[in-house]
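Let me begin by presenting the structure, written as structure tokens, before commenting on it.
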Amino acid sequence: MKKYVLLLPELVILILSFLWFIDNYCVASIINYYALSAAVVMMLQMVFKFKLVGVVMTLIITLFSFYIFLAVLSEFNDYPVVHFEALKLLVIGLYFCFLGFMAAAIMAHKYLFKSIDKYYFSFI
């Protein structure tokens, strides 16, 4: 069970990147290579579990989630009055930011702290 729970962050990022790719392709008929490469990297990460790739993806996901958080707040402040559409934008945007931050936190625990403890105390 714990093995499947630790795969959740990669699965969440994989689903979000596929949704991002499908949205760009269906709406504007544009192939989004960033979303496609994020999906491929997450699929490879789920299979091979490279520590360096996990740490780099954790950093990228954290920075991207922070960027999206600031973008959501900026768009929310563009509304002159707070109404249903503004609140919907804020709630859904913050939900996706929260998903990204939680996925990055779990991946940081898995690839940074767990591996340090295992190898640092291996001589005992």
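Taking the working numbering, the leading residue of the sequence shown gets 6, the next gets one more, and so forth.
All C-beta atoms in this analysis are idealised placements derived from N, C-alpha and C, irrespective of residue type, glycine included.
Note that this is a predicted model, so its numbers are computed, not measured.
- [ ] Quick one: using the 10 Å Cβ neighbour count with 16 as the cut-off for buried, is L13 buried or exposed?
- [x] Within the sequence shown, the letter at position 8 stands for residue 13. The residue in question, L13, is exposed, as its Cβ has fewer than 16 Cβ neighbours within 10 Å.
Task: Element boundaries [alpha helix (DSSP H), containing V58] - done: On the sequence shown, residue 58 is found 53 positions in, with the first residue counted as 1. Residues 56-83.
Task: Nearest-angstrom Cα separation, counted from I36 out to D28 - done: As a first step, residue 28 is located in the sequence shown; it is residue number 23 there, counting from the start. As a first step, residue 36 is located in the sequence shown; it is residue number 31 there, counting from the start. For D28 and I36, the distance between alpha carbons rounds to 10 Å.
Open item on the list: Let's test the definition: count the other Cβ atoms within 10 Å of the Cβ of V8 and tell me whether it reaches 16, buried, or not, exposed.
Closed with: What you label residue 8 is simply residue 3 of the sequence shown in a count that begins at 1. As written in the sequence, residue 8 is Lys, which differs from the Val given in the question. The residue in question, K8, is exposed, as its Cβ has fewer than 16 Cβ neighbours within 10 Å.
- [ ] Report, in whole angstroms, the separation of the C-beta atoms of Y84 and A91, which I expect to be a contact under 8 Å.
- [x] Within the sequence shown, numbered from 1, the residue matching residue 84 stands at position 79. Within the sequence shown, numbered from 1, the residue matching residue 91 stands at position 86. Yes, they are in contact, since the Cβ atoms of Y84 and A91 sit about 4 Å apart, within 8 Å.
- [ ] Let me know if V46 comes out buried or exposed under the rule of 16 or more other beta-carbons within 10 Å of its beta-carbon.
- [x] What you label residue 46 is simply residue 41 of the sequence shown in a count that begins at 1. It counts as buried.
Task: Separation of V87 from F69, as counted between CA atoms - done: Looking up residue 69 in the sequence shown gives position 64. Looking up residue 87 in the sequence shown gives position 82. A straight line joining the alpha-carbon of F69 with that of V87 spans about 26 Å.
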